[in-house]
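Structure, as structure tokens:
Chains as they are written, first to last, in the numbering used here: chain Y, 73 to 232; chain P, 54 to 265.
See below:
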């Protein structure tokens, strides 16, 4: 089946099985390896990316549903050399340990901050439920608050 | 003779009165349920009078009290899942619009159809019924009252309620629930879909009774 969608702002067209998961299309067909495979059951969140701005578990998302939509992966967050506030906060707080699950957490965080620019700990607990076997949750919480701060400062500067 | 004539007159009046009362009851019954009586083509008036609505109610409730329905009509702020109706794993929340929270929307995982590769169920507009439509922990009679009350049924008329219960793709998903993460088919309600649809229509045609 011929499917077209925008991936990180660039139109992509491919001939794939419509039931193939978006994760495998992105990793194996489009060769972007930042989105990770974890459980394959939409449970751990390692494969989280954005479809039209919404966090989606791509391992359980048939590619046919992405047709005509905007897909954003971890590779599409930065603006060239300028890191996205979530990436910057992750670096500042030295969040990752092994790092495997981190792209999924960061994409989920982007979706959270889009809805809650100043999230409470409760907002974070309810929305960011991905799994990290290294147990970096406490550093991630700090990074999420830091990302909110960076975004807020950036917005204030833009309004000056 | 005069007294006898008076008795006859009273008997005639009584008969006329009874005829009017029965005609009135028949008219009201037809008005209220005529639409559904057309659809419930297996029913006749004697069946309605013989408690067919009650039988239909019981059959309907076998489905409404099954975990395929209850799991999405919880009384709390967490969806339920599984054959044992445990709280949804990963702290999944109801959220302000019954479709989850910011980065964990229902559609983050549940799409418009089942995904039998991952075992994640899906159907159009996947989400929880609003809290006022909660059935968890209610008796059959209480559920009956909830689904008939416009305040607790999404302001639906009886006709709209019947349409919801017999045509909504998320409701009918209960008979096409796919497989779980273990690859095993999910349990379906104990009544066949066609039987359930007929029962809902028959129940409505009988005036939507809530038997004790």
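Where is the CB? At the ideal position from N, CA and C, for every residue including glycine.
Tell me which same chain residues have a C-beta within less than 7 Å of the C-beta of residue i, skipping the five on either side of it?
{"i": "residue 124/P", "result": "132, 133, 134 and 138"}
{"i": "residue 140/P", "result": "131 and 133"}
{"i": "residue 136/P", "result": "120 and 240"}
At what residues does the alpha helix (DSSP H) containing residue i begin and finish?
{"i": "residue 219/P", "result": "211-220"}
{"i": "residue 229/P", "result": "Neither: residue 229/P is in no alpha helix (DSSP H) and is coded neither H nor E."}
{"i": "residue 177/Y", "result": "174-187"}
{"i": "residue 123/P", "result": "120-123"}
{"i": "residue 232/Y", "result": "That residue, residue 232/Y, is in no alpha helix (DSSP H); it is neither H nor E in DSSP."}
{"i": "residue 159/P", "result": "159-162"}
{"i": "residue 108/P", "result": "105-117"}
{"i": "residue 201/P", "result": "193-201"}
{"i": "residue 198/Y", "result": "193-199"}
Just the C-alpha distance for residue i and residue j, rounded to the nearest angstrom, thanks.
{"i": "residue 152/Y", "j": "residue 80/Y", "result": "12 Å"}
{"i": "residue 176/P", "j": "residue 212/P", "result": "23 Å"}
{"i": "residue 188/Y", "j": "residue 224/Y", "result": "12 Å"}
{"i": "residue 195/Y", "j": "residue 228/P", "result": "35 Å"}
{"i": "residue 193/P", "j": "residue 91/Y", "result": "40 Å"}
{"i": "residue 202/P", "j": "residue 217/P", "result": "14 Å"}
{"i": "residue 123/Y", "j": "residue 129/Y", "result": "10 Å"}
{"i": "residue 143/Y", "j": "residue 242/P", "result": "37 Å"}
{"i": "residue 88/Y", "j": "residue 140/Y", "result": "15 Å"}
{"i": "residue 198/P", "j": "residue 247/P", "result": "24 Å"}
{"i": "residue 207/Y", "j": "residue 249/P", "result": "48 Å"}
{"i": "residue 77/Y", "j": "residue 138/Y", "result": "6 Å"}
{"i": "residue 185/P", "j": "residue 151/P", "result": "11 Å"}
{"i": "residue 232/P", "j": "residue 238/P", "result": "4 Å"}
Which residues in the same chain have their Cβ closer than 8 Å to the Cβ of residue i, if we skip the five residues on either side of it in sequence?
{"i": "residue 150/Y", "result": "156 and 159"}
{"i": "residue 200/Y", "result": "177, 180, 181, 184, 212 and 216"}
{"i": "residue 99/Y", "result": "105, 107 and 109"}
Which residues in the same chain as residue i place their Cβ atom closer than 6 Å to its Cβ, once the five residues preceding and following it in sequence are excluded?
{"i": "residue 251/P", "result": "none"}
{"i": "residue 234/P", "result": "172"}
In the DSSP assignment, find the beta strand (DSSP E) that holds residue i and state where it starts and stops.
{"i": "residue 86/Y", "result": "82-87"}
{"i": "residue 75/Y", "result": "74-79"}
| field | Cβ pair count under 8 Å reaching 3, the segment 110-123 of chain Y against the segment 164-182 of chain P | value | Three or more Cβ pairs drawn from the segment 110-123 of chain Y and the segment 164-182 of chain P lie within less than 8 Å of each other, which places the two stretches in contact.
| field | 4 or more residues per run - each alpha helix (DSSP H) lying fully within the segment 112-165 of chain Y | value | Within the segment 112-165 of chain Y, complete alpha helix (DSSP H) segments of at least 4 residues are found at 157-164, given in chain order.
| message | If contact is defined by three or more beta carbon pairs under 8 Å, each pair taking one atom from either stretch, is the segment 175-191 of chain Y in contact with the segment 152-159 of chain P? | response | The segment 152-159 of chain P, when compared against the segment 175-191 of chain Y, does touch it at the 8 Å Cβ threshold.
| query | For the 8 Å Cβ check, are there 3 or more pairs between the segment 163-170 of chain Y and the segment 196-211 of chain P? | reply | Contact between the segment 163-170 of chain Y and the segment 196-211 of chain P is absent, because fewer than three Cβ pairs lie under 8 Å.
| query | Quick check: the segment 105-124 of chain P against the segment 217-232 of chain P, are there 3 or more CB pairs under 8 Å? | reply | Three or more Cβ pairs drawn from the segment 105-124 of chain P and the segment 217-232 of chain P lie within less than 8 Å of each other, which places the two stretches in contact.
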